[in-house]
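Position 181 of the sequence shown, counted from 1, bears residue number 1252 in our numbering, the numbering being contiguous throughout.
Glycine included, C-beta positions come from ideal geometry on N, C-alpha and C.
Small disclaimer: the values here were computed from a predicted structure and weren't measured.
Structure, as structure tokens:
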Amino acid sequence: MDTARSFYGDLDEVKQKENMDMHVCIEETNGRWTSFFVERRIKFPSIDELITYYRSNPICYQNIRVFLTRPILLQDWELRKDGLEVIKSRKLGEGAYGEVYLGKWAQPFSVDQKEFHKWCDVAVKTKNKVTVDEKLRFCLGSSCGLEYIHFKGLIHRDLATRNILVSEDKTPKIADFGLAKHASSYKMRRISKIPVRYLAPETLTSFVYSTKTDVYTFGLVIWEIFANGNEPYTKAQPHQEGVVPKNVALKASHIRELIKKELFVRFNQETPLALQQYVATRLFVTDDKKRPNIAEVTTFLADMLKVDLTKMRFSLKVQG
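Okay, structure coming up:
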């Protein structure tokens, strides 16, 4: 049983007229002896013993009696924790919300080498084959998506190419709404681990998010698209070298200093000059009042591509 997984229970009909499913989290204590619990009054030395107990006894969860009725089995592709060894001394990297360590899987497994090699060949052949026109269309499609998100009264707060999916017909789809807020602005009440390299200047100084901070971050999405998916602010660019160390991985403190001095990332030469200038002078600005709304950005990109936005905008209104 994997401690990170929840299990299903059905509500007792005495409390509810209709049965319904609910997730109940198994928690783990941090002390001299590890124990697991759902209710703090009863703790178990192992997950197996906890499950065995609750198969015949109800869980009193939020004043509701919950019974276990069916297990959620691991899929064939899922790994069991008891077969994994995490090597804490070998940190491989970290992201905005977590850290990655080297791991070993002790159980034997088979690999179809032909299939693996086939997909490796596909990856090599398709690498860096996206044209400038296609990249501009990715920018426009993503901008239309963000315009719809703002049209629905949401701020995304986590825009990046890693959170944009591409459909079979090459239509970009903005995903990952885990940090989204149904508001035009939002202020964090407590400091949490956040992706500094994607934050607007006002978010770094006052922890405020808005549709205009989304617009700033969308400028970084455009940068990433033309950088073939690379992240911004990984190493100093020539115009930044007097402020931060040269040829080293930039830390959060370095990125904050660059943003404070308005030394934003610059585009590569492949990026159309008009787009470079637009992002640099309209999106990468400290004063959010001087930034356009996302609808204006969409119009600019459509004009670059000579695309008629009438049908797209009509679609927004119909869906809204």
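Asked, Found
"May I have a chain-ordered list of the alpha helix (DSSP H) segments no shorter than 4 residues that lie completely inside the stretch 1260 to 1326?", "1272 to 1277, 1282 to 1297"
"DSSP puts Y1125 in a beta bridge; with which residues?", "Answer is none; Y1125 lacks a bridge partner."
"In angstroms with no decimal places, state the Cα-to-Cα distance between R1353 and P1363.", "7 Å"
"Can you list, in chain order, the residues of its chain with a C-beta nearer than 8 Å to that of D1374? Leave out the 5 residues immediately preceding and following it.", "none"
"Going by C-alpha to C-alpha distance, which of V1201, D1285, H1310 sits closest to A1254?", "D1285"
"Report the three-state DSSP secondary structure of E1149 (helix, strand or coil).", "coil"
"For the alpha helix (DSSP H) that contains L1394, what are its first and last residues?", "Residue numbering for the chain in the displayed model covers 1072 to 1391; residue 1394 lies beyond these limits and cannot be assessed."
"What does the Cβ neighbour count give for V1085, buried or exposed, with the cut at 16 atoms within 10 Å?", "Confidence is the limiting factor: at V1085 the pLDDT is only 38, short of 50, which leaves the residue's position unreliable, though a coordinate-based value still follows. Classification for V1085: exposed."
"From this set, I1293, R1151, F1278, which residue's C-alpha is nearest S1213's C-alpha?", "I1293"
"If we ignore side chains and look at the alpha-carbon of each, how far apart do Q1348 and T1369 end up?", "16 Å"
"Candidates Q1178, C1215, A1345, I1226: which alpha carbon is nearest D1247's?", "I1226"
"Please classify K1283 as buried or exposed, where buried requires at least 16 neighbouring CB atoms within 10 angstroms.", "buried"
"Note down, in chain order, each residue of its chain lying with its Cβ closer than 6 Å to the Cβ of R1076, except the 5 sequence neighbours on either side.", "Confidence is the limiting factor: at R1076 the pLDDT is only 41, short of 50, which leaves the residue's position unreliable, though a coordinate-based value still follows. Excluding residues within five positions, none has a Cβ falling inside 6 Å."
"Quick one: Cα of L1334 to Cα of V1237, how far?", "31 Å"
"Taking C-alpha atoms, which residue in D1147, R1126, R1151 lies nearest to L1139?", "R1126"
"Is I1158 buried or exposed, if buried means 16 or more other CB atoms sit within 10 Å of its CB?", "exposed"
"Just to confirm my understanding: we take E1156, look at its own chain, exclude 5 residues before and 5 after, and list those with CB closer than 6 Å. What are they?", "K1175"
"If you check the beta carbons only, do E1098 and V1203 fall under 8 Å apart?", "no"
"Tell me the rounded alpha-carbon separation between L1230 and K1200.", "24 Å"
"In three-state DSSP terms, what is V1201?", "coil"
"So T1305 and L1321 are in contact, right, with Cβ under 8 Å, and what is the actual spacing, rounded?", "6 Å"
"Please classify K1244 as buried or exposed, where buried requires at least 16 other C-beta atoms within 10 Å of its C-beta.", "exposed"
"CB-CB under 6 Å to M1259, same chain, minus the five flanking residues each way: which ones, in chain order?", "F1278"
"Can the beta-carbon of N1339 be found closer than 8 Å to that of F1297?", "yes"
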